[in-house]
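I have placed the structure first, in the form of structure tokens, so that the comments after it can refer back to it.
Numbering (this note's numbering), first residue to last: 691 to 792.
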């Protein structure tokens, strides 16, 4: 089945340490249309502390979805290329997003 390119949009996410489990989780960065607490399902490599330390920022192509009426989450296909953002690139992306909002 082919992916619908219109359903996906660029989303800036970052890895945060979950205080309860001690594992890295991927969450949307604040300042976008998605809550910073929203779950992101993506490649496991992004939450591997050996590859990317806590606080690493990424740019993903993701879509908002839910599984059988459950809680909504962002889904990024695991095969997409990984784009790591610097702090300046993340600020620039979020600033462009804010300007484009209505």
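Idealized CB from N, CA, C, for every residue including glycine.
Values in this document were obtained by computation on a predicted structure and should not be read as measured data.
### Task
Would you tell me roughly how many angstroms separate the C-alpha atoms of residue 752 and residue 738, rounded to the nearest one?
So the two alpha carbons sit approximately 19 Å from each other.
### Query
Is there a Cβ from chain D that is less than 8 Å from the Cβ of residue 697?
No chain D is present in this structure, which holds just one protein chain.
### Message
For the beta strand (DSSP E) containing residue 765, name the first residue and the last one.
### Response
Looking at the DSSP string, the run of the beta strand (DSSP E) that includes residue 765 is 763-766.
### Distance between residue 760 and residue 785 (C-alpha atoms, nearest Å)
One C-alpha to the other measures close to 31 Å.
### Message
Using the Cβ count rule (16 or more neighbours within 10 Å means buried), how would you classify residue 701?
### Response
buried
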